[in-house]
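Undergrad: For the sequence shown, our numbering gives the first residue as 814, with consecutive numbering after it. What follows is a structure written as structure tokens; I'll ask about it next.
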Amino acid sequence: MKLLSKILGRQATAAPFLRAGAAVEAPGTWNDVVRSYERPVDQANEQACAQNAAEAAYYAQVDRVANKWHHYLEIYDRHLSNHRDKPVRFLELGVCQGGSLQVWRRYLGDSALLHGLDIDPRCATIDDTDLVIHIGSQTDTGLLGRVVEQMGGIDVVIDDASHISAHQITSFEFLYPLLAPDGVYIVEDAHSSYWQDFGGGLRAPGSFMEYAKRLIDRLHAGYVLNADPVSRDPGFAAVTHGISFYDSMVVFEKRSGKARPRSTIVGTRWLA
């Protein structure tokens, strides 16, 4: 402890864990927060310096407008690289200008089946022949069901739609059970869970982030000792490989034929 204190230049226990000190006055609105992160971009330079295929695909976009946080691109590549150049069935909730679907075409390849859904009727004018656009709400489960049927199933879902927590939860609870056994479900811009305008707030019970936190408990249902059978229900855990939390993004990965966890011992020599 003395050595650690010397290295840190102060008593190791003096400061709270990893606190740097926040401004006393909170941001005024969520718009203020977003604007504080906006930076100009040299698209050609970013493309030349791309660290992964998702960055290269995104910064090569010159047609329809796309808008992504830069750090998302590394996360996409981490979780979706194994779906590239395959007939992946891909659904984007929230098409906006249509640029992101063009990026996904560039990233995933010509074999991908790309569908998008947006509540804005103007998105119906997107006439790219390799994209299928559906108009409607992400909370319209009847529509979602018809889209999945038309696609012949789904392997990847990106939720970049309303960012309203209740909407995100409705879409997830309908689509996740329909996701292919090795599918990936990504909820973008999860920072909206901390904003009241989107049905959230810090630790707000109805926010998507709080909902996702509770799913961590469901992933570990097999280890729960409580008598309540609901808390020990293995349904979600049986099909879910993992949940990854990143800055503003939550990624759910399913796993085909997920086996019951095994505790194993190897080696022969024990401490006396």
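For glycine and all other residues, C-beta sits at the position ideal for the given N, C-alpha and C.
If you check the beta carbons only, do ALA993 and LYS1067 fall under 9 Å apart?
TA: Taking 9 Å as the Cβ cut-off, ALA993 and LYS1067 qualify as a contacting pair.
Undergrad: Mapping the DSSP letters down to three states, classify ASP931 as helix, strand or coil.
TA: Residue state, collapsed to three classes: strand.
Undergrad: Can you give the beta carbon distance from VAL1000 to ASP972, rounded, assuming they're within the 8 Å contact cut?
TA: That pair is a contact at about 5 Å.
Undergrad: Taking Cβ to Cβ, would you say VAL901 is nearer than 9 Å to LEU926?
TA: It is a contact, given that the beta carbons lie within the stated cut-off.
Undergrad: Would SER984 and THR942 qualify as a contact pair, given that the criterion is a beta-carbon distance under 9 Å?
TA: Cβ atoms of SER984 and THR942: not closer than 9 Å.
Undergrad: So, is SER1044 buried or exposed, given that buried needs 16 or more other C-beta atoms within 10 angstroms?
TA: Counting Cβ neighbours within 10 Å, SER1044 comes out exposed, since fewer than 16 surround it.
Undergrad: Is the segment 952 to 963 in contact with the segment 1024 to 1038, if contact means three or more CB pairs nearer than 8 Å?
TA: Cβ pair count under 8 Å is below three, so no.
Undergrad: Hey, is the segment 868 to 880 in contact with the segment 904 to 913, meaning 3+ C-beta pairs nearer than 8 Å?
TA: Result yes; three or more Cβ-Cβ pairs closer than 8 Å.
Undergrad: Which first and last residues belong to the alpha helix (DSSP H) in which ILE999 is found?
TA: Per DSSP, ILE999 belongs to no alpha helix (DSSP H); it is in the beta strand (DSSP E), 992 to 1000.
Undergrad: On the premise that VAL969 lies in contact with LEU886, defined as a C-beta separation below 8 Å, what is that separation, rounded to the nearest angstrom?
TA: That belief does not hold up - the Cβ atoms of LEU886 and VAL969 are roughly 15 Å apart, past 8 Å.
Undergrad: What runs of the beta strand (DSSP E), each 3 residues or longer, lie entirely inside the segment 838 to 906?
TA: You should have 902 to 906.
Undergrad: In angstroms, rounded to a whole number, what distance separates the CA positions of PRO1074 and SER1057?
TA: The straight-line gap from Cα to Cα measures roughly 19 Å.
Undergrad: Whole-angstrom Cβ separation of MET1062 and ALA1003, contact assumed at under 8 Å?
TA: That belief holds up - the Cβ atoms of MET1062 and ALA1003 are roughly 6 Å apart, short of 8 Å.
Undergrad: Roughly how many angstroms separate the alpha carbons of VAL854 and VAL1079, rounded to a whole number?
TA: Each residue's Cα considered, the two are about 52 Å apart.
Undergrad: Helix, strand or coil, according to DSSP, for VAL1064 in the structure here?
TA: In the structure shown, VAL1064 sits in a strand (DSSP, three-state: E or B).
Undergrad: Within a Cβ cutoff of 7 Å, which residues of the same chain sit near TYR889, ignoring the five residues on either side of it in sequence?
TA: Excluding sequence neighbours, TYR889 sits near ALA867.
Undergrad: For PHE1065, which residues in the same chain have their Cβ closer than 6 Å to its Cβ, ignoring the five residues on either side in sequence?
TA: Taken in chain order, the residues that qualify are TYR998, ILE1056.
Undergrad: As a quick exercise: from SER1069, SER1020, ARG897, SER913, pick the residue whose alpha carbon is nearest that of ALA873.
TA: It is SER913.
Undergrad: What residue does the beta strand (DSSP E) around THR1081 start on, and which one ends it?
TA: Premise fails: THR1081 is in no beta strand (DSSP E) and is neither H nor E.
Undergrad: Assuming contact is defined by CB atoms lying nearer than 9 Å, are GLN856 and ALA869 in contact in what I supplied?
TA: Contact: no.
Undergrad: Using only CA atoms, which one of ARG919, TRP882, HIS884 lies nearest to ARG897?
TA: Nearest option by C-alpha distance: ARG919.
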